[in-house]
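What follows is a set of notes on a single structure, which appears directly below.
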Amino acid sequence: MRYCKQERSRREAIVSQICPARPICAEIFAADAHTGRYYAWPMADVTTQLKDVLSAALVAAYGDAYANADPMLGPANNPKFGDYQANLAMKLGKQLGKPPREVAQAVVDRVEMGELIEEVEIAGPGFINLHLSARALASAAHAMLGDDRLGVPALDEPQTVVVDYSSPNVAKEMHVGHLRSTVIGDAIARVLTFQGHNVIRQNHVGDWGTQFGMLIEHLLETGQAEQESLGDLTKLYKESKKRFDAEPDFAERAKQRVVALQGGDEATLAAWKKLVSQSETYFASIYQRMGVLLEPGDIRGESFYNDKLPGVVDRLKQDGKLETSQGAGVVFVEGFSDKDGDPLPMIVQKSDGGYLYATTDLAAIRYRVDELKASRIVYVTDARQSQHFAMAFRAAEDAGWFGHASLEHVPFGTVMGEDGKPFKTRDGDVVRLVDLIDEAESRAITVCKEKNPELTGEEADHVGRVVGLGSLKYADLSSDRVKDYKFSWDRMLALDGNTAPYLINAYVRVHGIFRKGEIDFAGFTSDHVQVQEPAEKALVLKLMQFGSTVDSVADSLEPHRMCNYLYELASAFHKFFESCPVLKSDVPLEIREGRLALCKLVALTLERGLGLLGIGVVERM
RNA sequence: GCCCCCGUAGCUCAACUGGAUAGAGCAGCGCACUUCUAAUGCGCAGGUUGCAGGUUCGAGUCCUGCCGGGGGUACCA
């Protein structure tokens, strides 16, 4: 958990001043009492206040040494255990050599209830169960409503974080294999940006390598290199590959062409640049359609590191890390072995003098640490590359190339078909990304029109685009990324369960209420938030978890945690919707206003949460 | 062979980084619509968390060994 500067100094002041315990909550609320409003300190969410109270109680009981101990506070996992639970007593009991329940009692005895806590009790081995006052909940909701960031403080000490994702290949069409890196990486970039980090997106495109020899040779021989547009790049790739495999003479010329390319031959380079530039235009169009943040300026392809590769090898040599094995320049990294149980080398220079992806990745690490000043670098790639990154990170670490920076591989599993085997077309071909998007949109339109026949024309198209793309992304994001997942149109477009349509529909329902009541959504605000009904209470408690969910996603780099949260939020909203009428004539005006506030808060949180996943919303569907 | 990842209800997935009685959706059965959009909600049923040990107040989660699936394992990325 991180706090803004203001918040942190406030916490420190409280903790240092309070021994023995003082009525901090009363103080906090008193500061606002004259305004007649419930919300407490600016930026101080109720969770933070609870932690303060527990910290203070802990210090009062056992002294200053425990001022920074984690109270282990979290939402209660069952309403009968209250609203929040603190699990510190069990851990502390061990440290202090006392029974956990005794520790819990000592803490509870010194908890200043104030207006925040209604009831506190000890249960089981030493759980501290906290029941919040209705007023505290109302205050929390009100504070969120008045804050653009929904109560999530911007970081006091932002880091420079490099997020490496998507990485398609020049002269090849993007396919299902690029889906996960692109979607997961984008969500991670968005979440870290929202937290306040300086996020530098890096698209490590495959724009260099031996395959360009055959492509360029074919282009030049057929005269296509002269043309304004190169046309269908997939066709080009297939044609040249076919020739490469079938014509030995062509294959030989293609190999020579690689040498010419590396040597900087003008005509060769011109053709290569044409390929790259056309591909980049194509990537940009896909990203735009997908609503992905990546731009041409984020591209640092393999070729970008070309002139840095000899330096990488030289540096390794200087550091005494480089060895020669079977004619290749290698680095032996501790802890890796090959089939025969011998140490596994990481090859940085081939026996013919060429460089490999390990060299490029090492060069990229240096660039990101030295030039981009990154303090955290995350790589969103296929889980199959785990060993490669483990070796590269270890080698760079051994060489002392990244002082305080942390490097993280963010692996993900494979997209499977319904049969449990890697997702392919019926013919066994790779599935093109554009085909996936097309089908997602058209299926979404069908599903939406079926439920709402009044949906027509441009609006139907728009809804189809948002819901279709959203469903495709959400399916990819909503399960634990390290596992493979089964691709299913029916499941991802289902209106029930943990799906994009279900979440977007919750958003739509809120707007439906505002439309029905002829209330301006954007302009609406209220001081009359009240939390009385169980469904209201459950909803507010869920809303309050948004901030910690963002932190959790940022720490773990697991976007599915946000999906789980949003699904629980939407479920809580639907229960509220069932049991708490808003616009009905017998609802008192104040209650109506308070419930409208909760509705708006739900919509804002859904929109923000989905937005952090790169998914949009619609007001009608 | 060695290393890494995965194994949870019939199916698809969760489980807040070790917390209380393992939760959802689908499929099955039964309820609630002159509606704030039933695109929903409620209930029933469904489990030896692959197996066996271990660590501790407490294990789906951590450790060890098996079983099963996937991936990696020297000049592709």
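The first sequence begins at 76 in this note's numbering and counts up by one. Here a beta-carbon is modelled for each residue, glycine too, at the ideal position from N, C-alpha and C. Note that the structure is a prediction, hence the values are computed from the model and not measured.
Asked, Found
"Spatial neighbours of residue 397 in its chain, beta-carbon cut-off 8 angstroms, leaving aside the 5 residues before and after", "388, 391, 404, 405, 406, 423"
"Check whether residue 733 and residue 222 have beta carbons under 8 angstroms apart", "Only positions 76 to 696 of the chain appear in this structure, which leaves residue 733 out of reach."
"Cα-Cα separation between residue 415 and residue 400, rounded to whole angstroms", "16 angstroms"
"Same chain only: Cβ atoms within 8 angstroms of residue 639, ignoring 5 sequence neighbours per side", "553, 573"
"Range covered by the alpha helix (DSSP H) that runs through residue 468", "461 to 473"
"Simplified DSSP state of residue 497, which is helix, strand or coil", "strand"
"Residue closest to residue 224, alpha-carbon to alpha-carbon, out of 186, 196, 252, 266", "266"
"Residue 456 in three-state terms, based on DSSP", "strand"
"Contacting residues, own chain, Cβ-Cβ under 8 angstroms from residue 551 (five flanking each side not counted)", "254, 255, 258, 259, 490, 560"
"Beta-carbon proximity of residue 350 to residue 305, cut-off 8 angstroms", "yes"
"Where residue 278 falls: helix, strand or coil (DSSP)", "strand"
"Start-to-end residues for the alpha helix (DSSP H) that takes in residue 204", "Not the alpha helix (DSSP H): residue 204 falls in the beta strand (DSSP E), residues 202 to 207."
"For residue 250, the three-state DSSP class (helix, strand or coil)", "strand"
"Three-state secondary structure assigned by DSSP to residue 627", "helix"
"Beta-bridge pairing of residue 235 - partner residues as DSSP gives them", "273"
"Separation of residue 212 from residue 606, as counted between CA atoms", "7 angstroms"
"Reduced DSSP category for residue 142 - H, G, I as helix; E, B as strand; rest coil", "coil"
"DSSP beta-bridge partners of residue 485", "455"
"Residue interval of the alpha helix (DSSP H) (run including residue 680)", "664 to 687"
"Euclidean distance between Cα positions of residue 445 and residue 377", "18 angstroms"
"Start-to-end residues for the beta strand (DSSP E) that takes in residue 193", "192 to 198"
"Start and end residues, beta strand (DSSP E) containing residue 423", "418 to 424"
"8 angstroms CB neighbourhood of residue 495 in its chain, flanking five on each side removed", "561"
"Residue 375 versus residue 271 - alpha carbon distance", "23 angstroms"
"The region 143 to 158 contacting the region 228 to 237, beta-carbon criterion three pairs below 8 angstroms", "no"
"Contact check, residue 588 vs residue 482, beta carbons under 8 angstroms", "no"
"Sufficient close CB pairs (3 or more, under 8 angstroms) joining the region 496 to 506 to the region 471 to 478", "no"
"Segment contact, 8 angstroms Cβ cut-off, at least three pairs: the region 188 to 206 with the region 581 to 597", "no"
"Reduced DSSP secondary structure (H/G/I, E/B, other) of residue 399", "strand"
"Alpha carbon of residue 379 to alpha carbon of residue 443, nearest angstrom", "12 angstroms"
"Residue 159: first and last residue of the uninterrupted alpha helix (DSSP H) it sits in", "Here residue 159 belongs to no alpha helix (DSSP H); instead the beta strand (DSSP E) covers 159 to 161."
"Under 8 angstroms between C-beta atoms of residue 692 and residue 579", "yes"
"Alpha carbon of residue 680 to alpha carbon of residue 385, nearest angstrom", "50 angstroms"
"DSSP-derived helix/strand/coil call for residue 376", "coil"
"Residue 245, DSSP secondary structure in three states", "coil"
"Alpha carbon of residue 347 to alpha carbon of residue 336, nearest angstrom", "8 angstroms"
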